[in-house]
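Trainee:
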């Protein structure tokens, strides 16, 4: 701002505008980090330090025993030999056993494969040959189209958990990489890595059964005029909350409002009831990817859709709904006035810093929360807009809840920048884009050849089928 010398600009001066070169001082506070509970005999409870903790000496809250598993190596044998695969297997078993997710015995199948066309027949063979197969570990040579095909076949065709790993990480194993693999494998098989300690959760939020919903829409890249947008909605399936189920739909190109939200939420509410035997008395929805200009439009349509989902289940069912928009794309940055309070190499604000005065909207309900420890560069706080709140939560309760949900993301042992349900919705939509890869050339061809309604209808059916996951995958967090 100083270099730009706006105050010397003739037009700025003419209009009597004066631009301050100092940063605006605001008062923030650092929220208390939640306690996180693990399982095993010791049931260790950890308190994150600057948004980070580690798994050493701890076991998953609910670990899954893996008895029947396979390895498919798509990297050439010269790049990843059998000795490296054996060492990798031994190291993975050691780390997984320590984490309370024992991988028992040798893989039932360990073979090399060459190309993308081998994925489907190989996986179908494994599914039919090895009864009770739980997991396929897939070794990839690097960035390759095989990844998308593995996920398409595993998630949508045969309903088997797949875990991809780069050949370079097989050849040179590190405890960190292996531990990260275990975090993902356990939840893909229906396990629970850790939970928030119940006593530190906001009492008013968890007093009655509550479902946390994350929703996001991802759009095709700029310049693409034909590919559909993908809407993803996830919902928590337990009281912790740690397990989530996902629903995904394709919709009109670059359409931001989730067209089938009512049906998607209805599916999640039914699954929640099957999992817990409770009807949620509260629905807390974190909506990602909405700009301020779309708030009124999205709220009007999507709030009505959630209400409709409830009434379709039972005419008298009217849970309280809290609708929160999460924004990451903004230009607000927060810095410590006192350098002693800075964190990390980049001198960022501490995780848990929240600001709800001075720089927020004068009449609407919003706040900034930086929930993560910046690894590189300046941390960008997330901006939360509470567009609707039937539950009448206080600002303190919603801020504490949001911060705690940022600690429940299963892929890592650190607090992330947005609440886990919103993050999962993004992952589900991103994964669905991989499921569509084989279908999209057909859809482009069809749209060029004909604008016939029947043709477009067939394409829609094909694309919808492509993103529909197998019933077995839908029961677990396949997207982790």
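Numbering (my numbering), first residue to last: 280 to 759.
Glycine is no exception: its CB is placed at the ideal position from the N, C-alpha and C atoms.
#1: Taking buried to mean at least 16 other C-beta atoms within 10 Å of its own C-beta, is residue 467 buried or exposed?
#2: Quick one: what does DSSP say residue 728 is sitting in, helix, strand or coil?
#3: Where does residue 358 sit, in a helix, a strand or coil, going by DSSP?
#4: Check each candidate in 469, 515, 403 and 532 and name the one with the smallest Cα separation from residue 555.
#5: Using a Cβ-Cβ cutoff of less than 6 Å, which residues in the same chain neighbour residue 330 once the five nearest sequence positions on both sides are dropped?
#6: Which stretch, first to last residue, makes up the beta strand (DSSP E) that contains residue 515?
#7: Is residue 534 buried or exposed, if buried means 16 or more other CB atoms sit within 10 Å of its CB?
#8: Do you know how far the Cα of residue 419 is from the Cα of residue 426?
#9: Kindly indicate which three-state DSSP category residue 649 falls into: helix, strand or coil?
#10: From the DSSP output, read off the bridge partner residues of residue 693.
#11: From residue 443 to residue 759, what distance separates their C-alpha atoms?
#12: Give the C-beta separation of residue 462 and residue 690 to the nearest angstrom, bearing in mind that I take them to be a contact with Cβ-Cβ under 8 Å.
#13: Restricting to Cα atoms, I'd like to know which of 501, 635 and 628 is closest to residue 619.
#14: Using 8 Å as the cut-off, can you tell me whether the stretch 365 to 374 makes contact with the stretch 429 to 440, which would need three or more C-beta pairs spanning the two stretches below that distance?
#15: Going by DSSP, what residues sit across from residue 663 in a beta bridge?
#16: Give the straight-line distance between the Cα atoms of residue 397 and residue 345, rounded to the nearest whole angstrom.
#17: Taking 7 Å as the cut-off, is the C-beta of residue 351 nearer than that to any heavy atom in the ligand GDP?
#18: Measuring straight from C-alpha to C-alpha, what distance separates residue 643 and residue 665?
#19: Answer with buried or exposed for residue 705, where buried requires no fewer than 16 other C-beta atoms within 10 angstroms of its C-beta.
#20: Quick check on DSSP: helix, strand or coil for residue 536?
#21: Which class does residue 672 belong to by DSSP, given the choice of helix, strand or coil?
#22: With a threshold of 16 other CB atoms inside 10 Å of the CB of residue 471, please say whether the residue is buried or exposed.
#23: Are the Cβ atoms of residue 524 and residue 530 separated by less than 8 Å?
#24: Where do the N-terminal and C-terminal ends of the beta strand (DSSP E) with residue 416 fall, by residue?
#25: Examine chain B for any beta-carbon lying closer than 8 Å to the beta-carbon of residue 337, and answer yes or no.
#26: Does the stretch 667 to 681 come close enough to the stretch 590 to 609 that 3 or more CB-CB pairs lie under 8 Å?
#27: Could you tell me whether the Cβ atoms of residue 646 and residue 606 are closer together than 8 Å?
#28: Out of 564, 613 and 479, point me to the one whose CA is closest to residue 632's CA.
#29: Only counting the same chain, and skipping five residues up and downstream in sequence, which positions put a Cβ closer than 6 Å to that of residue 571?
#30: When you compare only the Cα positions, how much space is there between residue 320 and residue 562?
#31: Please say whether residue 547 and residue 581 have beta carbons closer to each other than 8 Å?
#32: Does DSSP classify residue 589 as helix, strand or coil?
#33: Which partner residues does residue 599 have in the DSSP bridge list?
#34: When the distance is taken between beta carbons, is residue 576 closer than 8 Å to residue 536?
#35: Short of 8 Å in beta carbon distance, which residues of its chain neighbour residue 728, apart from the five on each side in sequence? Order them along the chain.
#36: Within the chosen definition, does the stretch 445 to 459 reach the stretch 350 to 366 through at least 3 CB pairs nearer than 8 Å?
Mentor: In short:
#1: By the C-beta density criterion, residue 467 is buried, having at least 16 other C-beta atoms within 10 angstroms.
#2: Because residue 728 carries a pLDDT of 44, less than 50, the predicted location of this residue cannot be relied on, and the following value inherits that uncertainty. DSSP places residue 728 in helix when its eight states are reduced to three.
#3: coil
#4: 515
#5: Around residue 330: 630, 651, 652, 693 and 694.
#6: 508 to 515
#7: exposed
#8: 8 Å
#9: strand
#10: 331
#11: 11 Å
#12: 6 Å
#13: 628
#14: no
#15: As computed with DSSP, residue 663 is found in a beta bridge with 605 and 646.
#16: Between residue 397 and residue 345, the C-alpha separation is close to 25 Å.
#17: In terms of ligand content, the structure shown is empty, and the ligand GDP therefore cannot be addressed.
#18: 8 Å
#19: So residue 705 ends up on the buried side.
#20: coil
#21: In the structure shown, residue 672 sits in coil (DSSP, three-state: anything other than H, G, I, E or B).
#22: buried
#23: Not in contact: residue 524 and residue 530 (Cβ atoms no closer than 8 Å).
#24: 414 to 419
#25: The structure shown contains no chain B; it is built from a single protein chain.
#26: yes
#27: no
#28: 613
#29: Apart from the 5 residues on each side of it in sequence, residue 571 has no Cβ closer than 6 Å to any other Cβ in its chain.
#30: 34 Å
#31: no
#32: helix
#33: Per DSSP, 561.
#34: Yes, the Cβ-Cβ distance between residue 536 and residue 576 is below 8 Å.
#35: Because residue 728 carries a pLDDT of 44, less than 50, the predicted location of this residue cannot be relied on, and no value is offered for it.
#36: Result yes; three or more Cβ-Cβ pairs closer than 8 Å.
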